[in-house]
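2 protein chains.
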Amino acid sequence: MLYDIRQMDGGVNSKQEVSLREVAKLADVSIATASLALRNKAGSLATKEKVLRAAKQLGYVASSAARTLKSGRSSVIGIYIFSNPDGRNYADESAFFYQFIKSVADTARINNHGVLIEDIPWDVKADENNLLKHIRGGYVDGVILIPQFDYPYYFLDEIERTGIAYCICNPADTTKNLFSISFDNTAAARLAVTELLSRPVKHLAIVHGPVNHVEAKMRAAGAADITADLKDDISISIHYGDFTIESGYEIGNRIFATENHPDAVYAANDYMAVGIMRSAIEHSLRIPTDVRIVGTDDNEVCRAVTPQLTTVRNPIYKMGVLAVESIFTQLSLESEATGKNEKTIKAELIIRGSC
Amino acid sequence: MLYDIRQMDGGVNSKQEVSLREVAKLADVSIATASLALRNKAGSLATKEKVLRAAKQLGYVASSAARTLKSGRSSVIGIYIFSNPDGRNYADESAFFYQFIKSVADTARINNHGVLIEDIPWDVKADENNLLKHIRGGYVDGVILIPQFDYPYYFLDEIERTGIAYCICNPADTTKNLFSISFDNTAAARLAVTELLSRPVKHLAIVHGPVNHVEAKMRAAGAADITADLKDDISISIHYGDFTIESGYEIGNRIFATENHPDAVYAANDYMAVGIMRSAIEHSLRIPTDVRIVGTDDNEVCRAVTPQLTTVRNPIYKMGVLAVESIFTQLSLESEATGKNEKTIKAELIIRGSC
DNA sequence: TCCATTAATTTAAACGTTTCAATTAGATTA
DNA sequence: TAATCTAATTGAAACGTTTAAATTAATGGA
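Protein sequences, first through last, are from chains A and B.
With this note's numbering applied, the first sequence covers 946 to 1300.
With this note's numbering applied, the second sequence covers 946 to 1300.
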């Protein structure tokens, strides 16, 4: 059922119930004085009190539209999650995104900002999605972008041109000079693989995520950093999943069916790791005795499985906080004065029973 | 690090780059004509084309603030998730919320509406949180409310008074006449318990969620419906968790330590269920041979564990879609003409290996 | 007491749309 | 062709704020 809202003429056109005019009248001051007083910008103490009382009595709330129109600030920050163009939305499953959204919303709210959220498939054309529309239309004061996949940033030039505050979370290209926050995915993978190799390993399986997924790529690079130096008596196999539990399970079924099955598995995310665990258990392999497994992210599934999954924590809540702070820093500075700023979030190994 | 955005004077006050005025000038028509043409409200074909071309050439996007101010419609729908006042945010973990948000955002976008998201702890006073502010300030055209817990609806009178479109997801009190969508939690629990009882059971454990959680309550009632009719040769024990994996695990440790441990467990959500499973496995109990377990929700953790968890599916994506549709129906009708409307979403048993 | 400052207040002009009412152009009929 | 009707276009007034500039009031020093 689709509604064409543009043709909805019947509905309630809710005019502001109580405007600044009424507050001013009740407080017996001019509209300007009322405006100033309410925002604590000027006025004598007595007037401020008088106006505040009047506003409270009438239940006055400033019209966001009028304020935005005049001030040029919407007090809204947009989160734009770019999703997979192939239509498979691994992210649908991800508890992570809610944590991220919540951290952004919490941090924004402290500063009296709202949060707008938008999912944009990568294959939707620039002029058909809402990112640039929102920016040009003044919907948002700042944008937090989560590209996820490694496609060309069609939006970057326009964003830089308009000078809007932005922060890219886990950008694909860190050589560009951007406002960005990145989880140190490379270090995360290095930590995980190093942990696996801290005990004797005969066959190490590396399970990558989607090939064009930015974080998966960097985790792959991190794993490669370590395995490159490995002696010949450790055999290594590389596998590609798509970040889902099911893909992990299928890979598990392939690798555990062989005679010389892996005794150590690094998975680029926790979903695949638990899928692999399920397969291992079904193949009557004991974890961690027969096979040791390390995942990535510290998603809640880590604590669901038996034994619990050792993993590298990706502190997603912190990323949201930092992203919003970056936006506010940009907003509070003269546009000219800002230097680009790239932050990195450290990876932390969380040891549990699977390893 | 906190920023007082109210004192940020240095920042960019981004005026609209290209306004309707410029478009009208380029197309050589009046502003009114341009406005009408762009919204396809009137005008000859030739004029429409001319205006559209001009708009495209200039990269024109209507100012959301100006449009909202004049039209009284913001084209934004707000999601307000009420969270636990005790500070324990079970929801932080929930992959469910992201699915819900995404479904709302997807459905809203089809109708050119944005989605604002806000978390409101139940103990924050009415005039200190953003719900009523957003409504009175015209931020949103409609609100989707997720109360989660059973506290008095301080907002309801005001919402009804302003006549804003709203939809309450899983309201506590279904006797009130509301716009609402509910998952049939009672039926869900009945389905689950009935499934457990379809084979011989000696000791049935029922694990409830937080006592004041709306859905937990109804699931408890559903379970009670079935157990009330049970013969005396089945012993029943009741336990209270808080919807987290850890609370399930602790309950598991208690119930599986006893001699006459349960051979069937119903858990009011999947997180607790997998926690219970972990405990069972650690107590060397085989699932489903020694103990059969059924959860609720069909969260992703169901597919993470071994064996996979049998559960009752809570189609959260559908709930988001229905909520938005309810909002749009209200928006498209004369305010007077609307009859309240309560929809229920059916529960569906998903049989997997744990039962 | 008067003048110079400074603080408080107000007037009025925006901000960029939408829409009513009025005007003009175009089509149709007698 | 004139008269009538309809469609297209436009001028101008809002919507509810913010803010620069102007005005008025209050304060202090000589």
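All C-beta atoms, glycine included, are put in the ideal place defined by N, C-alpha and C.
C-beta neighbour in chain A for residue 1014 of chain B, strict 7 Å: By one-based count along the second sequence, residue 1014 of chain B stands at place 69. Chain A, which has a Cβ nearer than 7 Å to the Cβ of residue 1014 of chain B, makes this yes.
Counted within 10 angstroms of its Cβ, other Cβ atoms place residue 1044 of chain B as buried (16 or more) or exposed: Within the second sequence, the letter at position 99 stands for residue 1044 of chain B. So residue 1044 of chain B ends up on the buried side.
Expected contact under 8 Å - CB spacing of residue 1165 of chain A and residue 1241 of chain A to nearest Å: One-based indexing of the first sequence puts residue 1165 of chain A at position 220. One-based indexing of the first sequence puts residue 1241 of chain A at position 296. Not confirmed; about 11 Å, so no contact.
Alpha carbon of residue 990 of chain A to alpha carbon of residue 1026 of chain B, nearest angstrom: Looking up residue 990 of chain A in the first sequence gives position 45. Looking up residue 1026 of chain B in the second sequence gives position 81. If I take the Cα positions, the gap works out to 37 Å.
Partner residues on chain A for residue 1078 of chain B, Cβ-Cβ distance less than 7 Å: Mapped onto the second sequence, residue 1078 of chain B falls at position 133. The contacting residues are 1006.
Element boundaries [beta strand (DSSP E), containing residue 1064 of chain A]: The count along the first sequence starts at 1 and reaches residue 1064 of chain A at position 119. 1059-1066 is the span of the beta strand (DSSP E), which, as asked, contains residue 1064 of chain A.
Under 7 Å by beta carbon: chain A residues contacting residue 1042 of chain B: As a first step, residue 1042 of chain B must be located in the second sequence, where it is residue number 97. 1043, listed in chain order.
Any C-beta of chain A under 7 Å from that of residue 1064 of chain B: Position 119 of the second sequence, counted from the start, is the residue given in the question as residue 1064 of chain B. Yes - at least one Cβ of chain A is within 7 Å of the one on residue 1064 of chain B.
Residue 1143 of chain A in three-state terms, based on DSSP: Within the first sequence, residue 1143 of chain A is the residue found at index 198, counting from 1. Coil.
Partner residues on chain A for residue 1061 of chain B, Cβ-Cβ distance less than 7 Å: Position 116 of the second sequence, counted from the first residue, corresponds to residue 1061 of chain B. Neighbours of residue 1061 of chain B on chain A, chain order: 1059, 1060, 1061.
Three-state secondary structure (DSSP) of residue 1292 of chain B: Here residue 1292 of chain B is taken as the residue at index 347 of the second sequence, counted from 1. In the structure shown, residue 1292 of chain B sits in coil (DSSP, three-state: anything other than H, G, I, E or B).
Reference residue 1059 of chain A, options A:1231, A:1202, A:1047, closest by Cα: One-based indexing of the first sequence puts residue 1059 of chain A at position 114. Here the closest residue by C-alpha is A:1047.
Stretch pair the region 1244-1260 of chain A + the region 1213-1221 of chain A: three plus CB contacts closer than 8 Å: yes
Buried or exposed by the 16-neighbour rule on C-beta atoms within 10 Å, applied to residue 1120 of chain A: By one-based count along the first sequence, residue 1120 of chain A stands at place 175. So residue 1120 of chain A ends up on the exposed side.
Residue 1019 of chain A and residue 1086 of chain A closer than 7 Å at C-beta: Taking the first sequence and counting its residues from 1, the one referred to as residue 1019 of chain A is at position 74. Taking the first sequence and counting its residues from 1, the one referred to as residue 1086 of chain A is at position 141. Yes, they are a contact pair.
Rounded Cβ spacing between residue 1208 of chain A and residue 1146 of chain A (contact assumed at less than 8 Å): Residue numbering aside, residue 1208 of chain A sits at position 263 when the first sequence is read from its first letter. Residue numbering aside, residue 1146 of chain A sits at position 201 when the first sequence is read from its first letter. Yes, they are in contact, since the Cβ atoms of residue 1208 of chain A and residue 1146 of chain A sit about 6 Å apart, within 8 Å.
Exposure label - residue 1064 of chain B; buried when at least 16 CB within 10 Å: Residue 1064 of chain B sits at position 119 when you count from the first residue of the second sequence. By the 10 Å Cβ count, residue 1064 of chain B comes out buried.
Residues of its chain near residue 1103 of chain A, where Cβ-Cβ distance is below 6 Å and the 5 sequence neighbours each way are ignored: Along the first sequence, one-based indexing puts residue 1103 of chain A at 158. The residues are 1077.
Interface partners of residue 1251 of chain A on chain B, CB under 8 Å: On the first sequence, residue 1251 of chain A is found 306 positions in, with the first residue counted as 1. 1222, 1223, 1226, 1227, 1250, 1251, listed in chain order.
Nearest neighbour of residue 1132 of chain B, chosen from B:1156, B:1158, B:1170 [CA to CA]: Your numbering for residue 1132 of chain B matches position 187 in the second sequence. Residue 1132 of chain B has its Cα closest to that of B:1170, out of B:1156, B:1158, B:1170.
Residue 1183 of chain A, buried or exposed, once every other Cβ within 10 Å from all chains shown has been counted against 16: For this step, residue 1183 of chain A is matched to residue 238 along the first sequence. When all chains shown are included, residue 1183 of chain A counts as exposed.
Min CB distance residue 956 of chain A to chain B below 7 Å: Locating residue 956 of chain A in the first sequence gives position 11, where the first residue counts as 1. Because residue 956 of chain A carries a pLDDT of 40, less than 50, the predicted location of this residue cannot be relied on, and no value is offered for it.
Min CB distance residue 1081 of chain B to chain A below 7 Å: As a working mapping, residue 1081 of chain B is identified with position 136 in the second sequence. Judged by the 7 Å Cβ criterion, residue 1081 of chain B is in contact with chain A.
Cβ pair residue 1006 of chain B, residue 1081 of chain A closer than 7 Å: On the second sequence, residue 1006 of chain B is found 61 positions in, with the first residue counted as 1. On the first sequence, residue 1081 of chain A is found 136 positions in, with the first residue counted as 1. Yes. Within cutoff.
Opposing strand residues paired with residue 1227 of chain A [DSSP bridges]: Within the first sequence, the letter at position 282 stands for residue 1227 of chain A. BP columns for residue 1227 of chain A are empty, so no partner.
Residue 1209 of chain A at chain B interface by Cβ criterion, 7 Å: Start at 1 with the first residue of the first sequence, and residue 1209 of chain A comes out as number 264. No, residue 1209 of chain A does not count as interfacial toward chain B.
Distance between residue 1192 of chain B and residue 1203 of chain A (C-alpha atoms, nearest Å): Numbered from its first residue, the first sequence carries residue 1203 of chain A at position 258. Numbered from its first residue, the second sequence carries residue 1192 of chain B at position 247. Taking the straight line from one Cα to the other gives about 39 Å.
Listed by chain order, chain A residues near residue 1160 of chain B by CB distance under 9 Å: One-based indexing of the second sequence puts residue 1160 of chain B at position 215. Within chain A, no residue comes near residue 1160 of chain B; the closest Cβ sits about 17 Å away, beyond 9 Å.
Test: residue 1084 of chain B CB closer than 7 Å to a CB of chain A: As a first step, residue 1084 of chain B is located in the second sequence; it is residue number 139 there, counting from the start. At least one chain A Cβ lies under 7 Å of residue 1084 of chain B.
Secondary structure of residue 1165 of chain B, DSSP reduced to three states: Looking up residue 1165 of chain B in the second sequence gives position 220. If DSSP states are grouped into helix, strand and coil, residue 1165 of chain B belongs with the helices.
For residue 1237 of chain A, the three-state DSSP class (helix, strand or coil): The count along the first sequence starts at 1 and reaches residue 1237 of chain A at position 292. Residue state, collapsed to three classes: strand.
Contact list for residue 1019 of chain A against chain B, beta-carbon separation under 8 Å: Sequence index remark: in the first sequence, residue 1019 of chain A carries index 74 (1-based). Near residue 1019 of chain A (Cβ distances below 8 Å), the residues of chain B are 1009, 1010.
Integer-rounded CB distance, given that residue 1083 of chain A should sit under 8 Å from residue 1008 of chain B: Locating residue 1008 of chain B in the second sequence gives position 63, counting from the first residue. Locating residue 1083 of chain A in the first sequence gives position 138, counting from the first residue. Right, their Cβ atoms sit about 5 Å apart.
Residue(s) in a DSSP beta bridge with residue 1023 of chain B: The count along the second sequence starts at 1 and reaches residue 1023 of chain B at position 78. Per DSSP, B:1061, B:1088.
Any chain B beta carbon closer than 7 Å to residue 1190 of chain A: Counted from its first residue, the first sequence places residue 1190 of chain A at position 245. So, interface residue.
Proximity test, residue 1076 of chain A beta-carbon vs the ligand PLP heavy atom, cut-off 6 Å: Looking for the ligand PLP in the displayed structure turns up nothing, as the structure carries no ligands at all.
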